[in-house]
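*Asks:* Residue numbers (the numbering used here), protein chains in the order written: chain A, -11 to 77; chain B, 183 to 313. Sharing a structure below in structure tokens format, with a few things to ask.
Right, here's the structure in full:
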């Protein structure tokens, strides 16, 4: 039962990543691209955790923690660059 | 008794995974379907965060019941994402306002100074010493 649920969840998040990529390519402005990249980071974390469940190892939690931190910092840095023209003032 | 616990845990984990997958898909579908950047901001920041929370809680229950390893790493990631999602949403909304919204279209703030995106706080009115 868990195997079927895992397959369903992986399919959902993979489809979500495809949607994000589609939006990233066709977005009308730079703000939409940042939003699509941020969502891609979150979906990638979900996929990594699902792979960790299916393999039964805790390694992927550390990986997804690092990706979560890098994704947050990069989104904030990009937004700040648009807002101020500078990242660290 | 042990069989019952395993079965209940299996059902809970499966339901959480399915719900998380649906929420993640809905969040990204909203990103494509909705027709305005400010509306599009809602779908990923809320639905996808809930989806990933479901995945992480499911993996916590799974490792505690089936692998005999109670771990709280997942809670750390959940808390981190739940804390940072509003901050990124606020930053994205601010940069959208900076690029696309004219200051004259916004209502007055009814405070001593204007909107933070457009006006800097006057030097002598800063409530906290930032030096």
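C-beta: ideal position from N, C-alpha, C; glycine also. All figures in this text were calculated on a predicted structure; none of them were measured in a lab.
Do you know whose CA, among B:218, B:219 and B:213, lies nearest residue 31 (chain A)'s CA?
*Replies:* Sequence index remark: in the first chain, residue 31 (chain A) carries index 43 (1-based). Comparing Cα positions, the closest option is B:213.
*Asks:* List the residues of chain B whose Cβ lies closer than 7 Å to the Cβ of residue 19 (chain A), in chain order.
*Replies:* On the first chain, position 31 is the one that residue 19 (chain A) refers to. 219, 274, 277, 278 and 281, listed in chain order.
*Asks:* Using a Cβ-Cβ cutoff of less than 6 Å, which residues in the same chain neighbour residue 66 (chain A) once the five nearest sequence positions on both sides are dropped?
*Replies:* What you label residue 66 (chain A) is simply residue 78 of the first chain in a count that begins at 1. Only 22 meet the Cβ criterion.
*Asks:* When you compare only the Cα positions, how much space is there between residue 237 (chain B) and residue 74 (chain A)?
*Replies:* As a first step, residue 237 (chain B) is located in the second chain; it is residue number 55 there, counting from the start. As a first step, residue 74 (chain A) is located in the first chain; it is residue number 86 there, counting from the start. Taking the straight line joining both Cα atoms gives about 36 Å.
*Asks:* Could you confirm whether any beta carbon from chain A is found closer than 8 Å to the beta carbon of residue 261 (chain B)?
*Replies:* As a first step, residue 261 (chain B) is located in the second chain; it is residue number 79 there, counting from the start. Chain A, which has no Cβ nearer than 8 Å to the Cβ of residue 261 (chain B), makes this no.
*Asks:* Are the region 1 to 8 of chain A and the region 197 to 217 of chain B touching by the rule of at least three beta carbon pairs closer than 8 Å?
*Replies:* The region 1 to 8 of chain A vs the region 197 to 217 of chain B: in contact.
*Asks:* Quick one: using the 10 Å Cβ neighbour count with 16 as the cut-off for buried, is residue 263 (chain B) buried or exposed?
*Replies:* The residue given as residue 263 (chain B) occupies position 81 in the second chain. Its Cβ being crowded by 16 or more others within 10 Å, residue 263 (chain B) is buried.
*Asks:* Where does residue 48 (chain A) fall in DSSP's three states?
*Replies:* To locate residue 48 (chain A), count along the first chain from 1; it is residue 60. Three-state DSSP puts residue 48 (chain A) in a helix.
*Asks:* Please confirm whether residue 234 (chain B) has its beta-carbon closer than 8 Å to some beta-carbon of chain A.
*Replies:* Position 52 of the second chain, counted from the first residue, corresponds to residue 234 (chain B). Cβ-Cβ to chain A under 8 Å: yes for residue 234 (chain B).
*Asks:* Going by DSSP, what residue range makes up the alpha helix (DSSP H) through residue 292 (chain B)?
*Replies:* Here the question's residue 292 (chain B) lines up with position 110 in the second chain. Taken as a continuous stretch (DSSP letters only), residue 292 (chain B) belongs to no alpha helix (DSSP H), as it is neither H nor E.
*Asks:* Could you tell me whether any Cβ in chain A is nearer than 8 Å to the Cβ of residue 296 (chain B)?
*Replies:* As a working note, residue 296 (chain B) is residue 114 in the second chain. The beta-carbon of residue 296 (chain B) is placed no less than 8 Å from the nearest beta-carbon of chain A.
*Asks:* Listed in chain order, which residues of the region 27 to 54 of chain A have Cβ atoms closer than 7 Å to some Cβ of chain B?
*Replies:* 27, 30, 31, 33, 34, 37, 38, 40, 41, 44, 46, 49, 52 and 53
*Asks:* Look at the alpha carbon of residue 16 (chain A) and the alpha carbon of residue 301 (chain B), and state the distance between them as a whole number of angstroms.
*Replies:* In the first chain, counting from the first residue as 1, residue 16 (chain A) sits at position 28. In the second chain, counting from the first residue as 1, residue 301 (chain B) sits at position 119. One C-alpha to the other measures close to 27 Å.
*Asks:* From which residue to which residue does the alpha helix (DSSP H) around residue 228 (chain B) run?
*Replies:* On the second chain, residue 228 (chain B) is found 46 positions in, with the first residue counted as 1. Unbroken run through residue 228 (chain B): none, as it is neither H nor E.
*Asks:* Sorted by chain position, which residues of the same chain lie with C-beta nearer than 8 Å to residue 47 (chain A)'s C-beta, five sequence neighbours on each side aside?
*Replies:* Counting from 1 along the first chain, the entry for residue 47 (chain A) is found at position 59. The answer, listed in chain order, is 40.
*Asks:* Can you tell me whether residue 206 (chain B) is buried or exposed? The criterion is at least 16 other CB atoms within 10 Å of its CB, across all chains shown.
*Replies:* Mapped onto the second chain, residue 206 (chain B) falls at position 24. Label assigned to residue 206 (chain B): buried.
*Asks:* Residue 290 (chain B): buried (16+ other C-beta within 10 angstroms of its C-beta) or exposed?
*Replies:* Against the second chain, residue 290 (chain B) aligns to sequence position 108. With fewer than 16 other Cβ atoms within 10 Å, it is exposed.
*Asks:* What beta strand (DSSP E) runs, 3 residues minimum, are completely inside the region -5 to 27 of chain A?
*Replies:* none
*Asks:* If I measure Cβ to Cβ from residue 256 (chain B) and keep anything under 6 Å in the same chain, skipping five residues before and after, which residues do I get?
*Replies:* Reading the second chain from its first residue, position 74 is the one you call residue 256 (chain B). Cβ neighbours of residue 256 (chain B) beyond the five flanking positions: 238, 241 and 242.
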